[in-house]
Amino acid sequence: MIRKTARKRTWFVAALLASAGLFASTLPANAETGVSSSEIKLGITLPLTGAASPGYNKIGNAMNAYFKYVNENGGVYGRKITLIQKNDEYSPQLSIAKTNELILKDKVFALVGPLGTANFTAVHKSVGIAKRKVPSLFLNTGFSGFASKKNYPTSFTILPSYAMEAKIVAQFIKENLTGKKLGLVYQNDEFGIDALGAFKDAGVKFDVSIPYTSGTQSAATAQTWVSQLAAGGAQVVVFFGVTSATAPLLAVSAAAKYAPQWILGSVGSDPLTLRALGVPVAVLNGALTPAGNPSPNDTSDEYVKQFQEINAKYNNADFDDYVLQGMNIGLMTVQALRAAGRNLTRAGLIRAMESKGSSFASVAYSPLGYSKTSNVGHTGYYMAVMDAKGDRKPYGGSVVLYTTDSAKGPVVKSNFKRPAMPAKGLPTNS
Amino acid sequence: MQKVFETILIGLSTGSIYALMSLALVLVWRSTRVVNFAQAGQAMFSTYIGFEISSRSEVFWLGLLFAIVAGALLGAGVDYFFMRVLFKHANSGPAAVVAPVIATLGLLGLIRSFVGLTWGGEFKSIETPASTNGFTIGDSTIPFSPLNVLIIVTTALILIALAILFQRTNLGLALRASAYAPEIAQLAGIRTARTRTIGWAIAGGVGGVAGMLVTANNFLSPYSLDLLLVFGFIAAVIGGLESMVGAVIGAFVLGIGLTFILNYVGTSLVFIGGFTVLILVLIIKPDGIMSRGKARRA
Amino acid sequence: MPDNLADKKTVLSVNDLSVNFGGLKALSGVNLELKQGEVLGLIGPNGAGKTTVFNALCGIVTPAGGSLSLKGKEIKWPKPYQLAKLGIARTLQGVGLFPDLTVADNVMIGANRFAEAGLLRSSFGTNSKDEKRLRDRAQAALERVYVGGVSNRRADTLSYPDTKRVSIARALVAEPEILLLDEPAGGLGAQDIEWLNSLINNLKARTSIIIVEHHMDVVMSVCDRIYVLNFGQIIASGTPQEVRNNDAVIEAYLGTHSKEKSARKKA
Amino acid sequence: MRKKILLFIVLGWVLLIVGDRVDELRVYQGAQIAMYTIALASIVLLTGYSGQVSLGNGAMMAVGGYAAALTLTNLQTPIWFAFLMAVIAASLFGALLGAAAARLSGPYLAGTTLALAVGLPAIANQFTFLGGEPGILFDVGFPPERLGEDFTQYKWFFWIASSIALVALFITSNILSSRFGRTWQAVRGNALAAELAGVNSSRWKILAFTISSALAGLAGAVFAMNISLVAPGAYSLALSFALVTGAVLAGISSLPGVAFGALILVAIPEVADALAGRLGDADKLNNYLPGLIVSVLLILSVIYTPNGPGENLRKLRHKRKAH
Amino acid sequence: MSGLLVNNLSVSHGAISALRNVTFSVEPGQLAAVIGSNGAGKTTLLRTLSGLKDASSGNAEWEGRAMLGKKPDELVRRGISHVSEGKSVIPELTVKENLVLGGIWRANRSDTNAAIAEVVELFPRLGERMGQSADTLSGGERQMLAIGRALVSRPKLLLLDEPSLGLAPLVIEQIFETIDKLRHKLGLTVVLVEQNAMSALEIADTGVIINLGEVVASGKASDLINDPALRAAYLGY
């Protein structure tokens, strides 16, 4: 018996020494993390696989393509940009784990374009983004909570908030669709709740309102949504959810020959992705959607034209909203890095965002709101209508831009003129 | 009333797919005394093969055929190259009881990783062999579509084919005898090891059909059949794990029951409903609805 | 009944026990009486129902009818785990040691009823005195069956006769008043059988024993009384001498001779 | 016993020093190793000792994690109380599950717990106070200020996690080497013989489930602390599978192996990452190589060393002696 | 032509030795009764001969060819059929299916059908119950079905394990009469393992008495009936 415990103890100590071995590692260098004389390391977490991945999984590659283009044309003050993509399958705990890897192991300089509201909320808290002063630029989420400069001092969003989006949709409904029975399907988290609150404030009431939990979307669930909507007689249905929920909803509606006026939120309405998921295009004909960017097929737009060229050369993906968005984040990132100057530091990058961010060139039509007191990017939408090919045209023929804020501010029609695309798509700002 | 009717029809279609999965589980359980958790992986792999063939040839049925063949070959391979080695080595000590369970889990992971490395994690969809547009009765459209009909008919055909195989042929008799009484089967001159491998192959083929049919209505990914495995298992437990007829009945009971929950209670309760059924069956009638009161060795 | 037993107390009696398996009558109307300090043999041909009697006593099969009295008090048929508390211990035909435990640990399981340390004390490691007491009891039991030297070996490394001894030690460590031995001689060689005989004779002082055994030498030499079962019924009982000369017993074992058969047919 | 306490104190001291000498990533991983160590101990106790297979230990961890998170956010209690609540809630859950499980034999139990692991997100999504898919943030607060400015959050986690792991291992090893561990092994080895020796096997099985679940719940709370979050996705089927793998690799019936198993679980993604980097940094490799390595290791170990490497060594020694 | 030869056969279950140096032979067309009390090793002997169990040493041959180390299905193809202990039928199958099972190793189903017809001629009661589940048969009928199944394979050597086990005395008599009848009719070589020594020896040509794994006596059946070794093997005196 005594011998038995002795052997046990040997095992124990051996296992512990082995674990101690893992810890043998070098100390971090003192220069600014992620920046060397020849390289800037950036990181992004996004769903490359899983239920939420369709569409979003193209953003990282599009950014990369743009960075490659810039790198081949001299980089940023001679430094080449390296983007490390990590798959978080859209689940918060994976976002945390992967962001930890990016920051602690890969030692990236900054995060650019991370996706998902719940994901970034969790990451911000868990990894301690603010405490570590890691710049997190161009968050791909419209959660209005991120607008708090106090809570998120180093983070900057790019999309208009969901609250803004909902306010603009509400304004549009009041202007154009009065008297119709209204239905709403929304993702039951910050994403949809934000919108719900805004509709309430705007005084738009829904006859049928269906919350769903992220991750439960499927053809079977969509069948219950459709039967509830149809039973409620909804003539206009507003949808605030991800693409993987839009697809079954539209497919089932088409199958059940239920055809209300769709108003699809900006997040889940990319026609190409929807088509790839088996949605008959015809059902999209006439669907309305708030849009910030021009249609990815609009080659008359200087941004779209330039991005399409870069995509053709470096990425070769089907050019859609997500690729456009990825390229645009790339463009804005390069401008931000240039604005931070040759002596690149994290603090310097954040200062540059605050002082010069609002003047960056961006494909979206609305103004950028970055300042010392605001970390919100674009601030407005125009309403677009889809055609039978899934192409997007401004509602009423020409872009009518609405701008607003995430709070109680009014929704106003704006005549803002966005900055021109830098020559050849290569920023020269400083 | 129409809603009840609709619910039953959809439940039949859902139950059909569960039936195939639970049959696959029961076939393996009877011959090998292993609940094959890798069945989800095998079916998924077969479905990917079916997906490749059907998207290239644009013929669903060709894809289905290849899925069956791939499933059968993989099933036989798993038994021959994997289970036999396992039973030879892991047959004593504290882990002997849990080894097969854990091994099939490992196999599930292996197949999943292999599929992921080969096809990636993106969702794939299979061109449906029939319209998913619901039938119109009078002036209302019900969510029951020609695809659902096709699922039910295909399943029915496969069940009939299996019934003939098991009831009318020597191979079927050999399979049954080896399952019920391996030693007597051996003494009757049946090569039980080979028969068992054939059983695995049939289970694999049936699993492949389940995968193709469920995917026709949904997406395919390395994880997409996990829930089917769980529902197939529950159906098999309802039927008592031993009886093929029980597995089919259990699947239809479960399919219709869950569709009622889906249509009348709410989507999020579907899984909880299934789990509750499982626990209730295990507590009230642990041998399943088909048992005749005699407890079986497990 | 032998004279020396007539005035002894009855420790266990089974009245009118019957057991059914499906439609099959495995036991019907079996009566048994075990006296203080006696060794009772239960014999009969294969399939006669001997082990079923044990299984019914131990709660492994549920009787269809009949009652059980312990020291004159009628009690419910016990569940297997209640036997130890009732002072009954049983060895198993297939030995039934726990293969990956040491011999000492095996025997200590049987001593669980003497344990005092609960989960809390065990968690914080303040149970060493209690452990030592159990270990000492186990060691003493092993020494009683002359295998004190193997206590630190794993049970699955023992020789077959030693596993038999250890399984008896595990039964003895609970200090049972009644010991049920299921084929203790099975698979043993002549030397070990001799040892078994002497062990059983020694145990009689403290324990009453029922023994199911095929090995007739053992049965005849250690038993005070013998019950003979055939087709689920007791066909004879008495001292070894009485049983040995009973025609029904011989017929049960060897079968019927054709002369008698034809005689019966005529009748 | 005094020696054992001394050993654990020395271990704690070694961990303290190591935690001071390595960079933050390793400290973060160290906290994970501590978490896995507790979780694997719960499997060793349940499967290795009492012989019950559970593929749903992730679910037990979730109960602990959620209990701790709800305690912390709703009652603003000290952290130790949150961990205590995790243990209590998980043991109650384990007792319930165990009561059902005691009636089930191997494959039924495995299938039922698997169903639980698969269905956990659906259950968590059912109740809004559980926070749905995004879950609830779990905040144990910053390290005390007297530890200094440089004392990072992760080092704080590491301190908490490894002290909890040491205490949990100390208690578990005591229980397993007492009559409790012995009796579970007996029930697993031969339930009938154990019953005849006076062991009420179903009660002992339920007890094993309860204690195992308490350990798992504790691990779940530590896990929640490490990632500052409880979410259904965190306690996924993959986690349950990983735990089973870790336990099998460590030798499912040996407690000292758990630290080793935990180390492997944390190391596999690292190794896979390095390997993927060498093989060409494709998305697919990054996503599926860890799974591939885990599965292959699991299969090889369950076939060739089903009872852990220690058992193989023992057999080898035995063979040598015989020759 | 030689029949069954068993030479120095030893078998063990792990550490326990079950049979030690068993030697005996059976001439073609004869019935040998292997008798002995419970636990003597009779069943182990048959299981070893039919390939279900491995021997540790010794050899056995049938018609001059080695039997040990072969799989049961191979031995069935060589005309060796084993009816195992305890009414070896499959209760989940019908009577017909149980019988078909006996000929399943043959490619030719019509051959099997003919064999089944012959068996039904021998056991008319089975013919009446062809479609019923074997579960519904009485003990004696099950034993007949088990033997019938073995006969469908048209064996030359029949290994019968305790056909009397668990049956009522009258039924036992019937079973033994049937065995006696059919082995003469079909010219079978039979090894009959029995505990019911008298009945077995009555229909046997030769007998082998086994006690504690060893052969204690063998010879002509009629001689063995009165051999004191018989009583000793069973009753120990």
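Protein chains in written order, with our numbering: chain A, 1 to 430; chain B, 431 to 728; chain C, 729 to 995; chain D, 996 to 1318; chain E, 1319 to 1555. All C-beta atoms, glycine included, are put in the ideal place defined by N, C-alpha and C.
Enclosing beta strand (DSSP E) for residue i [first to last residue]
| i | result |
| --- | --- |
| Met1220(D) | From DSSP, Met1220(D) is part of no beta strand (DSSP E) but of the alpha helix (DSSP H) over 1196-1222. |
| Asp744(C) | 738-749 |
| Thr289(A) | 288-291 |
| Glu844(C) | Note, Glu844(C): premise wrong, no beta strand (DSSP E); not H, not E. |
| Trp491(B) | Here Trp491(B) belongs to no beta strand (DSSP E); instead the alpha helix (DSSP H) covers 490-507. |
| Gln386(A) | Note on identity: in this sequence residue 386(A) is Met, with Gln being the wrong assignment. Note, Met386(A): beta strand (DSSP E), 380-386. |
Boundaries of the alpha helix (DSSP H) in which residue i is found, first to last residue
| i | result |
| --- | --- |
| Ala976(C) | 975-982 |
| Asp321(A) | 321-339 |
| Lys799(C) | Premise fails: Lys799(C) is in no alpha helix (DSSP H) and is neither H nor E. |
| Tyr402(A) | Taken as a continuous stretch (DSSP letters only), Tyr402(A) belongs to no alpha helix (DSSP H), being part of the beta strand (DSSP E) at 401-403. |
| Val1022(D) | 1019-1038 |
| Ser1157(D) | 1148-1172 |
C-beta neighbour in chain D for residue i, strict 7 angstroms
| i | result |
| --- | --- |
| Asp106(A) | no |
| Gly551(B) | yes |
| Ile96(A) | yes |
Close Cβ partners of residue i (< 8 angstroms) along its chain, the five nearest in sequence each way excluded
| i | result |
| --- | --- |
| Glu766(C) | Leu733, Lys736, Lys932, Ser936, Ile937, Asp952, Arg953 |
| Ser1328(E) | Ser1335, Leu1337, Arg1338, Asn1339, Val1340, Ala1373, Ser1374, Ser1375, Gly1376 |
| Gly983(C) | none |
| Met474(B) | Ile541, Arg542, Val545, Gly641, Leu650, Pro652, Ser654, Leu655 |
Any C-beta of chain E under 7 angstroms from that of residue i
| i | result |
| --- | --- |
| Pro773(C) | yes |
| Tyr610(B) | yes |
Chain C contact for residue i (CB, 7 angstroms cutoff)
| i | result |
| --- | --- |
| Arg1174(D) | yes |
| Ala1188(D) | yes |
| Ile1170(D) | yes |
| Gly1357(E) | yes |
7 angstroms Cβ cutoff, residue i in contact with chain B
| i | result |
| --- | --- |
| Ser1290(D) | yes |
| Glu1410(E) | yes |
| Gly1106(D) | yes |
| Ile1422(E) | yes |
| Val1283(D) | Sequence check: residue 1283(D) is Tyr here, not Val. Judged by the 7 angstroms Cβ criterion, Tyr1283(D) is in contact with chain B. |
| Gly292(A) | no |
| Leu1419(E) | yes |
Other residues of its chain near residue i: CB distance less than 6 angstroms, five sequence neighbours each side excluded
| i | result |
| --- | --- |
| Asp1498(E) | Ile1521 |
Cβ-based neighbour list, residue i, same chain, cut-off 7 angstroms, excluding 5 preceding and 5 following
| i | result |
| --- | --- |
| Ala1163(D) | Ile1033, Ala1036, Leu1210, Leu1213 |
Contact with chain A by residue i, beta-carbon distance below 7 angstroms
| i | result |
| --- | --- |
| Ile1222(D) | yes |
| Gln1148(D) | yes |
| Leu1132(D) | yes |
Cβ-based contacts, 9 angstroms cut-off: residues of the segment 670-695 of chain B near chain A: Thr689, Leu692, Asn693
I'd like the ranges of any alpha helix (DSSP H) spanning at least 4 consecutive residues and lying wholly in the segment 1053-1117 of chain D. 1074-1096
Give the residues from the segment 615-639 of chain B that approach chain E closer than 7 angstroms (Cβ to any Cβ), ordered along the chain. Contact annotation: in the segment 615-639 of chain B, residues whose CB is within less than 7 angstroms of a CB in chain E are Gln616, Leu617, Ala618, Gly619, Ile620, Arg621.
What ranges does the beta strand (DSSP E) occupy inside the segment 875-953 of chain C, keeping only unbroken runs of at least 3 residues that lie completely in it? 906-910, 936-940
Please list, in chain order, the residues of the segment 849-867 of chain C that have any C-beta partner in chain E closer than 9 angstroms. So nothing in the stretch comes that close.
Tell me which residues of the segment 1368-1399 of chain E have at least one Cβ-Cβ distance to chain C shorter than 8 angstroms, keeping chain order. none
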